[in-house]
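For what it's worth, the numbering used here labels the leading residue of the sequence shown as 164, then goes sequentially.
Beta carbons are placed, not taken as given, at the ideal position from N, Cα and C, and that holds for glycine.
Please read these numbers as outputs of a predicted model, since none were measured by experiment.
Everything on this sheet refers to the single structure shown next.
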Amino acid sequence: MEQDEESFEVLSRKIIEPWPNTYAFTKALAEDLVRQFADKVPVAVIRPSIVTTTSSDPIPGWTDNLYGFNGVVIGAATGALRIFHINNDFRADIIPADIVMNATLAIGWYAKNHPDETNIINCTAADNPVTWGMVRTEQMKWKGKIPFLKSLWIPTYNTTRYYVLSEILKIFYHLIPAVLFDLGLRFNSQKPQIVKLYRKVHKFSEVLCFFTNNEWDFRNEQFHKVLAQMSEEDQRYFPCDAKRIDWKDFLAHNVIGLRMYLMKEKWDNLEQARARYRKQWMAHMVFLAIFYAVMGYMMYKLFLEAGLKEILGSWFV
Numbered sequence: 164m165e166q167d168e169e170s171f172e173v174l175s176r177k178i179i180e181p182w183p184n185t186y187a188f189t190k191a192l193a194e195d196l197v198r199q200f201a202d203k204v205p206v207a208v209i210r211p212s213i214v215t216t217t218s219s220d221p222i223p224g225w226t227d228n229l230y231g232f233n234g235v236v237i238g239a240a241t242g243a244l245r246i247f248h249i250n251n252d253f254r255a256d257i258i259p260a261d262i263v264m265n266a267t268l269a270i271g272w273y274a275k276n277h278p279d280e281t282n283i284i285n286c287t288a289a290d291n292p293v294t295w296g297m298v299r300t301e302q303m304k305w306k307g308k309i310p311f312l313k314s315l316w317i318p319t320y321n322t323t324r325y326y327v328l329s330e331i332l333k334i335f336y337h338l339i340p341a342v343l344f345d346l347g348l349r350f351n352s353q354k355p356q357i358v359k360l361y362r363k364v365h366k367f368s369e370v371l372c373f374f375t376n377n378e379w380d381f382r383n384e385q386f387h388k389v390l391a392q393m394s395e396e397d398q399r400y401f402p403c404d405a406k407r408i409d410w411k412d413f414l415a416h417n418v419i420g421l422r423m424y425l426m427k428e429k430w431d432n433l434e435q436a437r438a439r440y441r442k443q444w445m446a447h448m449v450f451l452a453i454f455y456a457v458m459g460y461m462m463y464k465l466f467l468e469a470g471l472k473e474i475l476g477s478w479f480v
């Protein structure tokens with residue numbers, strides 16, 4: 164079974180080249196199919212960037228999708244994702260789902276009135292950029308205020324732009340804790356599952372790393388034409404201008420929405436979640452104290468003690 168999966172992975176990579184994954188590949192196939200019929204029916208292609216939770220419509224923070232950016236936030240918030248390969252200086256081209264939906268309606272209307280144009284239009288936040296570093300900073304502010312009850316550990320989300328370093332840190336941040344958790348589950352006669360969970364986390368991370376470690380230059384000139392044709396009333400009923408996104412407010416509602424609508428955690432368990440967070444935080448601090456004490460003792464035994472013996476020995480010769 165494992166051999167079949169490996170063979171499938173190798174074959175898939177050859178088929179989808181030069182696309183980084185099947186997600187991007189199938190989007191390209193769909194666009195090519197649309198292109199073939201573009202001279203027969205009026206069409207428009209909308210290219211959103213990384214779609215995430217809603218900004219305001221129908222409610223702030225709504226989603227039913229675990230993948231992409233939402234998966235990273237949930238992984239970090241539940242303490243499962245503790246190290247991630249990402250360049251914090253690069254733009255995070257995330258875009259709220261309701262902005263994309265409103266833009267789709269507006270672009271369809273525009274394409275009908277401009278059938279002679281090549282209506283391939285980006286829907287991104289390039290006009291109102293936010294970096295991955297800012298996203299991380301804003302969302303980590305909420306880790307103790309609205310913790311997730313279904314958490315593996317406290318959020319300790321670390322990032323690095325260096326691939327080799329991220330692979331090394333995965334051993335300490337993911338693999339070793341996962342093995343220890345599974346040993347604890349075995350000891351309590353429960354089925355071990357954390358190592359298996361981290362295999363999925365790493366596979367998911369590898370897909371995203373292509374997007375989080377490259378900076379994309381999306382051109383929005385075509386979408387500016389759409390906005391220019393919309394009246395003030397149109398833009399009030401179908402808001403789709405990324406310049407109006409308040410990122411701090413949006414990122415706060417993103418965390419709240421993921422907790423409520425995707426993790427299905429209600430507000431009446433918030434105090435229980437906070438109590439659990441405090442216990443996990445104390446356990447985390449105790450673990451770090453023990454870890455650093457052991458590391459310090461080992462460093463002393465390996466290097467300092469030998470050096471002191473050599474110095475003292477030279478004094479008394």
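Can you tell which of Phe373, Asn432 and His337 has the C-alpha that lies nearest to the C-alpha of Ala243?
-> His337
Would you kindly check if the distance between the Cβ of Lys306 and the Cβ of Pro292 is under 8 Å?
-> no
Whole-angstrom distance between Leu229 and Val214, CA atom to CA atom = 11 Å
Under the rule that 16 or more other beta-carbon atoms within 10 Å means buried, what is Trp295, buried or exposed?
-> buried
Quick one: residues in its chain with C-beta nearer than 8 Å to the C-beta of Val364, no 5 flanking neighbours on either side, listed in chain order?
-> Gly238, Ala243, Leu244 and His337
Cα-Cα, which of Phe466, Asp412, Glu384 and Lys442 is closest to Pro223?
-> Asp412
Taking the CB atoms as reference points, tell me whether Arg299 and Asn376 lie closer together than 8 Å.
-> no
When Asn417, Glu169 and Asp252 are compared against Glu378, the one with the closest alpha-carbon = Asp252
When the distance is taken between beta carbons, is Phe367 closer than 8 Å to Gly234?
-> yes
In terms of alpha-carbon separation, which member of Pro310, Pro181, Glu330 and Ile249 lies closest to Leu421?
-> Pro310
Minimum C-alpha distance to Val327 - residue among Thr241, Lys190 and His248 | His248
Are the beta-carbon atoms of Ala201 and Cys403 separated by less than 8 Å?
-> no
Less than 8 Å between the CB atoms is what I'm expecting for Thr216 and Ala260, so what's the real figure, rounded?
-> 6 Å
Whole-angstrom distance between Gly459 and Val480, CA atom to CA atom | Low per-residue confidence applies at Val480: pLDDT is 49, beneath 50, and the placement is therefore not dependable, though the value from the model is reported in the following sentence. In a straight line, the C-alpha of Val480 is about 30 Å away from that of Gly459.
Does the distance from the CB of Trp428 to the CB of Lys308 come in under 8 Å?
-> The sequence shown places Glu at residue 428, not Trp. Not in contact: Glu428 and Lys308 (Cβ atoms no closer than 8 Å).
Taking the C-alpha atoms as reference points, what is the distance between Ile257 and Tyr455?
-> 38 Å
Would you please state the rounded distance, in angstroms, between the beta carbons of Asp290 and Lys388? I believe it to be under 8 Å.
-> In fact, because the Cβ distance is near 13 Å, the residues do not count as touching under 8 Å.
Contacts around Ser218, its chain only, beta-carbon distance under 7 Å, and the 5 residues preceding and following it disregarded = Pro259, Asp261, Ile262, Ile408 and Phe413
Between the CA atoms of Arg176 and Asn184 - distance to the nearest angstrom | 8 Å
For Gly231, I'd like the list of residues in its chain whose CB is within less than 8 Å of its CB, leaving aside the five on either flank, ordered along the chain.
-> Ile213, Val214, Thr215 and Leu371
Three-state secondary structure (DSSP) at Val480?
-> Confidence is the limiting factor: at Val480 the pLDDT is only 49, short of 50, which leaves the residue's position unreliable, though a coordinate-based value still follows. Val480 falls in the coil class under three-state DSSP.
How big is the Cα-Cα spacing for Tyr424 and Val206?
-> 34 Å
Start and end residues, beta strand (DSSP E) containing Ile283 = Ile283 to Cys286
Beta carbon of Val208 nearer than 8 Å to that of Val418 | no
Helix, strand or coil: which one does DSSP assign to Pro340?
-> helix
Residue span of the alpha helix (DSSP H) that contains His248, given as start and end = Taken as a continuous stretch (DSSP letters only), His248 belongs to no alpha helix (DSSP H), being part of the beta strand (DSSP E) at Ile246 to His248.
Gln199 versus Leu390: straight-line alpha-carbon distance, rounded | 28 Å
What span of residues does the alpha helix (DSSP H) with Arg299 cover, start to end?
-> Trp295 to Met303
Quick one, which of Pro340, Met264, Asp397 and Tyr440 has its alpha-carbon nearest Ile357's?
-> Pro340
Go ahead and label Gly351 buried or exposed: buried means 16 or more other beta carbons lie within 10 angstroms of its beta carbon, across all protein chains shown.
-> For the sequence presented, residue 351 should be read as Asn rather than Gly. By the neighbour-count rule (16 or more Cβ atoms within 10 Å), Asn351 is not buried but exposed.
Close beta carbons around Gln443, own chain, < 8 Å, minus the five adjacent residues each side | Gly242, Ser314, Trp316 and Ile317
Which runs of the alpha helix (DSSP H) spanning at least 4 residues fall entirely within the segment 408-468, listed in chain order?
-> 410-420 and 433-462
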